[in-house]
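These notes concern the structure reproduced below.
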Amino acid sequence: MADGAHRRCVISGLGCVSAAGHGVAALWTKVRAGESAVKPLCLPRLEHQQVKTAAHFPGFDAASCLDKPLADSTDRFTQFALLAAAEAIGQAQAQAPLVFGDRMGVIIGSGIGGAVTSDDQHYKFYVAKTRTDPMTIPRVMPNAAASHISMRYGATGPCFAVSSACSSASQAIGLGLQMLRARLIDTCIVGGSEALLAPAFFRAWESLRVMTSTLCRPFSRNRNGMVLGEGAGVLVIEAEDACLARGAQPLALLAGYGTSSDAQDIVRPDAEGAARSMALALSDAGLEPHEVDYVNAHGTGTILNDSCESAALTKVFGPGLPGIAVSSTKPIHGHTLGAAGAIELIVAICALREQLAPPTINWLEADPSCIADPVPNAARPRSIAAALSNSFAFGGINACLAVTAYA
Amino acid sequence: MLQPGTQQAIDQSQLDKLLDLIAKEGMVDRAKLSMDATMESLGLKSSDLLIVLMAVEEQFGVYIPVDDSLSDARTLGDLVNALAGHLPHG
Numbered sequence: 001m002a003d004g005a006h007r008r009c010v011i012s013g014l015g016c017v018s019a020a021g022h023g024v025a026a027l028w029t030k031v032r033a034g035e036s037a038v039k040p041l042c043l044p045r046l047e048h049q050q051v052k053t054a055a056h057f058p059g060f061d062a063a064s065c066l067d068k069p070l071a072d073s074t075d076r077f078t079q080f081a082l083l084a085a086a087e088a089i090g091q092a093q094a095q096a097p098l099v100f101g102d103r104m105g106v107i108i109g110s111g112i113g114g115a116v117t118s119d120d121q122h123y124k125f126y127v128a129k130t131r132t133d134p135m136t137i138p139r140v141m142p143n144a145a146a147s148h149i150s151m152r153y154g155a156t157g158p159c160f161a162v163s164s165a166c167s168s169a170s171q172a173i174g175l176g177l178q179m180l181r182a183r184l185i186d187t188c189i190v191g192g193s194e195a196l197l198a199p200a201f202f203r204a205w206e207s208l209r210v211m212t213s214t215l216c217r218p219f220s221r222n223r224n225g226m227v228l229g230e231g232a233g234v235l236v237i238e239a240e241d242a243c244l245a246r247g248a249q250p251l252a253l254l255a256g257y258g259t260s261s262d263a264q265d266i267v268r269p270d271a272e273g274a275a276r277s278m279a280l281a282l283s284d285a286g287l288e289p290h291e292v293d294y295v296n297a298h299g300t301g302t303i304l305n306d307s308c309e310s311a312a313l314t315k316v317f318g319p320g321l322p323g324i325a326v327s328s329t330k331p332i333h334g335h336t337l338g339a340a341g342a343i344e345l346i347v348a349i350c351a352l353r354e355q356l357a358p359p360t361i362n363w364l365e366a367d368p369s370c371i372a373d374p375v376p377n378a379a380r381p382r383s384i385a386a387a388l389s390n391s392f393a394f395g396g397i398n399a400c401l402a403v404t405a406y407a
Numbered sequence: 001m002l003q004p005g006t007q008q009a010i011d012q013s014q015l016d017k018l019l020d021l022i023a024k025e026g027m028v029d030r031a032k033l034s035m036d037a038t039m040e041s042l043g044l045k046s047s048d049l050l051i052v053l054m055a056v057e058e059q060f061g062v063y064i065p066v067d068d069s070l071s072d073a074r075t076l077g078d079l080v081n082a083l084a085g086h087l088p089h090g
């Protein structure tokens, strides 16, 4: 579709909570330096914990940054989202106030929702036989994050969660873009949040055998799995006309979105579907493959994802692929599942704004089934005018977002 | 029956335990477990292998992420060799 056919949409605020701590700056500092935020993890109530690390935020204290009643009545995933939203909205309003109300939507993805609450309350019910929290359901529901953001800021337009595993946030952002273009709203608070480092959920991930017990090393020979993370990424996206009318300067253009379903296997990825989502995002953004400078890959570090994603990248970019910087930052901030698409889009925007391709750390040597040069181990300065962020989920759901420099 | 000469870094008692587990958890006739049998011919799908891995973990107290050797395993011999590297020695 020609670029001119769309109402252009921009990004005016970024916010993040991750294993790197509060804020986009904390995340980007780690990412650009190639320093991992993965730490030892020792969960309660989990005998024989086999995988002993995750990219988590052990010192996170909701009560120190949210009103006590709000901190007391929300799950960790909602708290992450509220803090990320506060940062994003703060940045968007630094130059001029946002217009809240009916023309502002909130779409926040989450793969699971209130996993920590769910785990704690199930333990009380089945094992401890103690009183359970009467507000368990409103804490656990996947739309809790979106609803609390809507309530906090008086955003009274469309408000909902997207739940599509690891593509949740990318689809939430993509849907927000489509709603802005359709003129249903003028501003949207979009992103994703996930906090599922709770014993039974962690055990369930161990059982899938996709987590590494050593180091996550995407696209490398001898990789053997991903590292789980937690956090939230939230962006303020606006119609360009609305942003300029209120007197604010955009950070970047949210140029395109593509999504597809493999319709194949519930856990096994498919290169065809992944390639289709990238091609759709490029087409939607009015970009030719050769115009892309950086791709923040899904790059989980599992055998299958990385070889499949490499095949998909080759299919889309062909012989031009070696000229594009492709990296996975998941060994730094972990695989944050339903938040991944937002956190990684934020990384791609930082890369675009700083003209620096972040590294794939822990990389040892090339694997013949993978891209040969995933910006291994050290960031690389380069000109970046257009970037993609990939998310490929269990369930065969693929989503790709394109951002370009605002001009 | 096992083929003679199959290379395994695994002692006979561990191998027997492993084959018992694969037969039980994968619901495969123990007599059909020859090292050159393909997963396909044994009817072992990826979800069956996850159950087998879980049972191996319970039995041997190890964690086995899916790496190249497991991912590439096409025959029972490949699987046994891939698992052998994760089992405690002795």
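Chains as they are written, first to last, in my numbering: chain U, 1 to 407; chain R, 1 to 90.
Positions of the beta carbon are idealized from the N, C-alpha and C atoms, including for glycine.
The structure presented is a predicted model; accordingly, all values stated were derived computationally and were not measured.
Candidates the options: closest to residue i by CA position
i: ALA81 of chain U; options: U:SER207, U:GLY334, U:ARG152, U:ASP241; result: U:ARG152
i: ASP241 of chain U; options: U:SER193, U:ALA115, U:VAL99; result: U:VAL99
i: ARG103 of chain U; options: U:ASN390, U:GLY154, U:SER147, U:MET135; result: U:GLY154
i: SER110 of chain U; options: U:ALA92, U:GLY59, U:MET141, U:GLU238; result: U:MET141
i: LEU388 of chain U; options: U:ASP367, U:ARG221, U:CYS308, U:ALA281; result: U:ALA281
i: TYR406 of chain U; options: U:ALA378, U:ASP270, U:PHE317, U:LEU254; result: U:LEU254
i: GLY105 of chain U; options: U:THR78, U:CYS65, U:CYS188, U:ASN362; result: U:CYS188
i: CYS9 of chain U; options: U:VAL51, U:MET135, U:ALA252, U:LEU228; result: U:ALA252
i: GLU365 of chain U; options: U:ALA195, U:VAL375, U:GLN249; result: U:VAL375
i: ASP67 of chain R; options: U:PRO359, U:ASP61, U:ILE303, U:ALA399; result: U:ILE303
i: ASP265 of chain U; options: U:HIS122, U:GLY13, U:SER170, U:GLY395; result: U:GLY395
i: MET226 of chain U; options: U:GLY299, U:SER391, U:TRP363, U:ASP373; result: U:GLY299
i: ALA228 of chain U; options: U:HIS22, U:TRP28, U:ALA55; result: It should be noted that the sequence gives Leu, not Ala, for residue 228 of chain U. The candidate whose alpha carbon is nearest that of LEU228 of chain U is U:ALA55.
i: ALA85 of chain U; options: U:ILE346, U:ALA297, U:VAL326, U:ARG380; result: U:ILE346
i: ILE185 of chain U; options: U:VAL210, U:GLY157, U:LEU197, U:GLY59; result: U:GLY157
i: ALA96 of chain U; options: U:ALA245, U:ALA146, U:SER283, U:LEU313; result: U:ALA245
i: ASN224 of chain U; options: U:PRO134, U:TYR123, U:TRP363, U:TRP28; result: U:TRP363
i: GLN178 of chain U; options: U:ALA239, U:ALA161, U:ALA128; result: U:ALA239
i: ASP61 of chain U; options: U:ASP373, U:PHE77, U:ALA351, U:GLN50; result: U:PHE77
i: LEU196 of chain U; options: U:PRO69, U:PHE57, U:SER327; result: U:PHE57
Per-residue burial, residue i [other beta carbons within 10 Å of its own, 16 or more giving buried]
i: ALA20 of chain U; result: buried
i: VAL468 of chain U; result: Shown here, chain U extends from 1 to 407; a query on residue 468 of chain U therefore has no answer.
i: CYS42 of chain U; result: exposed
i: ASN222 of chain U; result: exposed
i: ASP11 of chain R; result: exposed
i: HIS290 of chain U; result: exposed
i: THR132 of chain U; result: exposed
i: GLU25 of chain R; result: buried
i: MET1 of chain R; result: Residue placement at MET1 of chain R is flagged as unreliable, the pLDDT there being 39, under the threshold of 50; a coordinate-derived value is accordingly withheld.
i: TYR63 of chain R; result: buried
i: THR38 of chain R; result: exposed
i: GLU309 of chain U; result: buried
i: GLY258 of chain U; result: buried
i: ARG268 of chain U; result: exposed
i: TYR126 of chain U; result: exposed
i: GLU87 of chain U; result: buried
i: ILE107 of chain U; result: buried
i: GLN3 of chain R; result: Because the pLDDT at GLN3 of chain R is just 45, under 50, the model does not fix this residue reliably, and the point stays unresolved.
i: THR29 of chain U; result: exposed
i: HIS22 of chain U; result: buried
i: HIS148 of chain U; result: buried
i: GLY5 of chain R; result: In this prediction, GLY5 of chain R scores a pLDDT of 41, lower than 50, which makes its location untrustworthy; no coordinate-derived value is stated.
i: ARG183 of chain U; result: exposed
i: THR130 of chain U; result: exposed
i: ALA63 of chain U; result: exposed
i: LEU401 of chain U; result: buried
i: PRO381 of chain U; result: exposed
DSSP beta-bridge partners of residue i
i: VAL140 of chain U; result: In the DSSP output, where bridge partners are listed per residue, VAL140 of chain U has none listed.
i: HIS22 of chain U; result: U:VAL17
i: VAL295 of chain U; result: U:VAL326, U:LEU388
i: ASN398 of chain U; result: U:SER260, U:PHE392
i: ILE237 of chain U; result: U:ILE11, U:CYS188
i: GLY155 of chain U; result: Checking the displayed sequence, the identity of residue 155 of chain U turns out to be Ala instead of Gly. The partner list for ALA155 of chain U (beta bridge, DSSP) reads U:GLY101.
i: LEU228 of chain U; result: U:HIS335
i: LYS39 of chain U; result: U:ALA54
i: ALA161 of chain U; result: U:ILE108
- prompt: Would you call the segment 33-51 of chain R and the segment 71-87 of chain R touching, i.e. three or more CB-CB distances under 8 Å?
  reply: yes
Taking the runs of the beta strand (DSSP E) that are 3 residues or longer, which of them lie wholly in the segment 54-127 of chain U?
104-109
(Q) If contact is defined by three or more beta carbon pairs under 8 Å, each pair taking one atom from either stretch, is the segment 330-340 of chain U in contact with the segment 33-48 of chain U? (A) yes
Review point. Can you find at least 3 beta carbon pairs, one from the segment 312-319 of chain U and one from the segment 199-210 of chain U, that sit closer than 8 Å?
Key: No, because fewer than three Cβ pairs between the segment 312-319 of chain U and the segment 199-210 of chain U fall closer than 8 Å, the two stretches do not touch.
For the segment 168-193 of chain U, list the alpha helix (DSSP H) runs that are entirely contained and at least 4 residues long, ordered along the chain.
Secondary structure in the segment 168-193 of chain U: the alpha helix (DSSP H) runs of 4 residues or longer, each lying completely within the stretch, are 168-181 in chain order.
Exercise. Mind listing, in chain order, the continuous alpha helix (DSSP H) runs of no fewer than 4 residues lying wholly within the segment 42-75 of chain R?
Key: 46-60, 68-71
Touching or not, the segment 337-351 of chain U and the segment 173-193 of chain U, by the rule of three or more beta carbon pairs under 8 Å?
-> yes
Q) Would you say the segment 163-171 of chain U touches the segment 81-93 of chain U, given that touching needs at least three Cβ pairs under 8 Å? A) no
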